[in-house]
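If you're matching positions, the sequence shown starts at 1445 in my numbering and goes up one per residue.
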Amino acid sequence: MTLSQPAHATPDAAGSPSARRGRPAQLTGAEREARILDAIEQVVATKGLQGASMAAIARAAAMSKRTLYACYPSRDALFEAWVRRLRAAFVRPLTADERALPLRARLRRLLRREVEDGASQTRLTVLRAIIAEAPRHPDLARAFLREGPRAVRRTVAEELSRAVENGEIVAGDVDATAHLLCDMVCASPLDPLIDPDAAPLSAAEAEARLERALDVFLNGAATPQRADRSG
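Quick look at the structure:
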């Protein structure tokens, strides 16, 4: 007499161990990159730049160092990618449709997020880590400048160059003019970096600062014809 097989041992039974087993879902390249960049942000925020080793980042991302190195061959490359993501959250090139807008509207779209989020906790965390570790890691500090503030100024300079070509403004040195505009628009991070009780600009204060900076800049850089009309 043959004994019946218990229901829980049936190979095709729903919820059986064999039905639940299987390889975990594979991450897409974009998902893997996002997980890694989230991990470095977490590690830097809790351990500083010195504690952001590839091993620590791999643990925070819940992946092997081999997988991490397959995505980023060095810590410098990973750090640059992280700074690029931070910058992309604040400033992005304009679309073709946006480039047809008046210059003031174009600059506002370029710089609004930079003004509002310039003193965010994420940005301040990065700055503190960079300042503390720059003497020991000068290459990472230079990468931050290259992929962060200097990249923002390059994006603004490209837009100002188009404005000069279109006869919207006069600017002898576009790069220097872009640098000046960015400094006018963005509040210095010195106070919140030094004083833990310093409050960042509110959304309304950031918006007002942006509008004042654009007023001063556009009046100073206006072509003679535009200046006459505005007067």
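Cβ atoms here follow ideal geometry from the backbone N, Cα and C, with glycine treated the same way. Being a predicted model, the structure only gives us computed values, none of them experimental.
The residue from 1633, 1543 and 1509 with its alpha-carbon nearest to that of residue 1602 is 1543.
By the CB criterion at 7 Å, residue 1608 and residue 1622 fall outside the cutoff. Residue 1636 and residue 1574 have their alpha carbons spaced roughly 15 Å apart. Taking a contact as a CB-CB distance under 8 Å, the pair residue 1519 and residue 1481 does not count as one, their CB atoms being some 13 Å apart. Here residue 1658 is buried, its C-beta having at least 16 other C-beta atoms within 10 Å. Here residue 1615 has 1604, 1608, 1621 and 1665 as same chain residues with Cβ atoms under 7 Å from its own Cβ, once five neighbours each way along the sequence are excluded. Each of 1565, 1547 and 1594 was checked against the Cα of residue 1535, and the nearest Cα belongs to 1594.
DSSP places residue 1573 within a helical segment (H, G or I) once states are collapsed to three. The beta carbon of residue 1537 lies closer than 7 Å to those of 1599 in the same chain, with the five residues before and after it left out.
When only Cα atoms are considered, residue 1630 and residue 1654 end up about 8 Å apart. Taking the C-beta atoms as reference points, residue 1592 is found nearer than 7 Å to residue 1531. In the three-state DSSP reduction, residue 1666 falls in the strand class (E or B).
Ranked by Cα distance from residue 1611, the options 1645, 1667 and 1576 are led by 1667. Out of 1527, 1555, 1590 and 1582, the CA that lies nearest to the CA of residue 1569 is found in 1527.
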